[in-house]
Amino acid sequence: MMKIIKYLVERPTLMWSFMAAIVIAGILSFIRMPKLEDPVVPVKQAVVVVARPGASVHEMELQVAQQVEESLRTLPDVRKVMTDCQQGQAMFTIEFEETVLMDEIEQHFDILRRRVNDLQQSLPPGCVASLVLDDQMDIFGIFYSLQGDGYTSAELYDYAKLIRRELLGVKGIKRVSIYGDREETVNIVLDKSKIAANGLLPTQIMMALQDVCNQVDAGKVNAGLSKLAVRVDTMVCTVDDIRNIYIPTLDGSRVQLSDVAKVERSYTTPQRNA
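With UniProt numbering, letter number 120 in the sequence shown gets 120, and the count goes up by one each step, no holes.
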């Protein structure tokens, strides 16, 4: 230690150069240091979720995980790929090298998204669109709870969406997420005896429901020098609209859905996103 001190004392120019470099580095570090209450934490990783409903854990590992993991490992600057296979889905956590600059991490995320899109074509049948989560650097600084006696979950969710829309207009707010909402669903319970009495098949009812929800291009009509688009309103908006759907039978008659099935509005079970 004494030799180092003696060496620097005998060379004052070198010593003052070191001192100036340390002071300048300290000033630059102080200027660039985050001063927010909840600063953005750099996270150089992303998560890819591939879902295949009905597949077992073993099938997800052999038919999906191996193929996806091998492709993800060929991405540039990938440090580690961790795979978690569950019933009907596989989750891949991709960590990038620490040497990747924050200015370049978005480019790596873009390459990852394109690679996942290319992989979608080669995945086994039954795989739904893969999900890429690359926004893990966002920090939620404030949490609010919305409650209301006498209001249904759907009404509270509508008010929550209204509040979110207003908050997103506030300067400095990047994202507002809603958690705890209950996903609504429409349950159609078929009566086997009534279906058989009317000569219907469950597939006929399924096809009728699909057809009534499809948008139909009715073409255009010439009106002098102009062309008017013709729109066929087949949108199903309420539960009563679903009950009033008519299903054609094999003998040419029509049966209303409410005559052969029970249609009711409910919530998805088990509850998710709680």
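The beta-carbon is built from N, C-alpha and C at its ideal position, and this holds for glycine as well. A quick note: this is a predicted structure, and the numbers were derived from the prediction, not measured.
Check the C-beta distance from residue i over to residue j and give it rounded, since I have them as a contact under 8 Å.
i, j, result
"I111", "A46", "With a Cβ gap of about 11 Å, I111 and A46 do not count as contacting."
"E69", "T83", "5 Å"
"F96", "D77", "5 Å"
"Q87", "S56", "7 Å"
"V116", "H108", "Contact doesn't hold; Cβ gap of about 13 Å is too wide."
"residue 288", "S153", "With the chain covering only 1 through 274, there is no way to say anything about residue 288."
"E155", "T268", "Not confirmed; about 17 Å, so no contact."
Go ahead and pull the three-state DSSP assignment for residue i.
i, result
"L119", "helix"
"R165", "helix"
"M33", "coil"
"Y151", "coil"
"A21", "helix"
"residue 288", "The displayed coordinates of the chain run from 1 to 274. Any statement about residue 288 would go beyond what the structure contains."
"Y267", "strand"
"A274", "With a pLDDT of 48 at A274, under the threshold of 50, the modelled position of that residue is not reliable, and no figure is offered here."
"E59", "helix"
"T13", "helix"
"I27", "helix"
Is the beta carbon of residue i sitting closer than 8 Å to the one on residue j?
i, j, result
"R265", "V186", "yes"
"R73", "V64", "no"
"V128", "R113", "no"
"I178", "A160", "yes"
"I245", "V212", "yes"
Among the candidates the options, whose CA atom is the shortest distance from the CA of residue i?
i, options, result
"A261", "K220, I205 and A229", "I205"
"R231", "Q120, P124, T152 and V221", "V221"
"D191", "D211, Y157 and V263", "V263"
"V49", "Q121, G148, S130 and F18", "S130"
How do the segment 199–208 and the segment 254–265 stand: do at least 3 beta-carbon pairs fall below 8 Å, yes or no? The segment 199–208 is in contact with the segment 254–265.
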